[in-house]
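Chemist: Handing you a structure now.
Residue numbers (the working numbering): -7 to 282.
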C-alpha cells in the first residue's frame, strides 16, 4: 500500500489564508511534513520487504493425527487389528477440519487396506469407479438407520452371502442424510442399522438422542458383529474413552443429548418457529427408549 498524502502538504489544492506566527506554533511546516511522509513511506516499504514467518502449527502425531503433546497412541493397539471386513468411511468435507473427530483414531486401529476414507458430498461412477464397483457388489452393506434398514445382527443370520464390506457415512445427522439421499450409489447396497440401547460414550459432543453413536462407535459395533469378536469393539472404544477423559479433565463439559434436555425441561434455546424443525423437536420429546 502506498502512504496517503497528508492534508496540508504542498500537493493540497485548497488555498488557505496566511496565518500569523502565533497560530503556526506547534504545527509542522510543509517541508517537514513532506520529509516525514517520505520517511514513513520508506519505513513502510522496508516492512513489506521483511520475510513473513508462517504460523507454526503444533507438531502432530503421524499415527493418531493428534498434537504430540496429547497423543493417544498409548491407547491404540500395538498392531492394527486383524479383520477380514473392508470398511469404507464416506466423510463430509466439514468433518475433516474438526479437532475432535474420531475417524483418525478408527483408521489408526485398522489395517490401511481394510479402512478407506473417501471425502466428499457427491459421488458417481465417473468420479469414483472404485466406490461404484463396491456399492454394486452383493456382499456390501451400508450402515444408515431408517424404516427400510434391516437389523445387522438379524440380517447376517439370514443372508445367503456373508457381507465382506460395510459403508459408514461420517458427518452430522443432517450432513449424513444429505449424502445418503443425494447419491444414488448409496442406495444400491443393502441398508442396515444397529439395534442397541447403549448410550454414546462420546460425551463431549452433543447428539440428537441418547442412542446416537459417533462414527467410531458405529464402526466398532458393526465390525464386532461382522467379525464375531467383541474384543474389536473394546479395542476401538479405548482411544475414544481416553480422548473424552482428557478433554473433561481440561475444562470440557459433558454434553447431554437434545432428547435428554427436552424431556427434562433443560433445553437452553427457545423452541423453533419453523414447523419442520418444531416437528423434529416434538418427535425427540415423545420418543420412547428401547
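Virtual Cβ for every residue (Gly too), placed ideally from N, Cα, C. The model shown is predicted, which means the values in this text are computed figures rather than measured ones.
1. Please confirm whether residue 170 and residue 95 have their CB atoms less than 8 Å apart.
2. Should residue 122 be labelled buried (16 or more other beta-carbon atoms within 10 Å of its own) or exposed?
3. Select from 126, 153, 87, 137 the residue whose C-alpha is nearest the C-alpha of residue 173.
4. CA-CA distance, residue 154 and residue 51?
5. Kindly indicate which residue of 62, 66, 182 has the alpha-carbon position closest to the one of residue 152.
6. Just tell me which of 216, 111, 207, 70 has its CA closest to the CA of residue 192.
7. Using CA atoms only, rank isn't needed, just tell me which of 237, 219, 245, 168 is closest to residue 79.
8. In or out: residue 114 buried (at least 16 other Cβ within 10 Å) or exposed?
9. Between 245, 232, 159, 105, which has its C-alpha nearest residue 63's C-alpha?
10. State yes or no: is the C-beta of residue 108 within less than 8 Å of the C-beta of residue 75?
11. How big is the Cα-Cα spacing for residue 102 and residue 93?
12. Nearest CA to the CA of residue 246: which residue from 229, 194, 266?
13. For residue 210, which residues from the same chain have a beta carbon less than 7 Å from its beta carbon, with the 5 sequence-adjacent residues on both sides left out?
Modeler: Reading from the atomic positions:
1. no
2. exposed
3. 137
4. 43 Å
5. Minimum Cα distance to residue 152 is reached at 182.
6. 207
7. 219
8. exposed
9. Comparing Cα-Cα distances from residue 63 to each of 245, 232, 159, 105, the minimum goes to 232.
10. no
11. 16 Å
12. 194
13. 135, 160, 186
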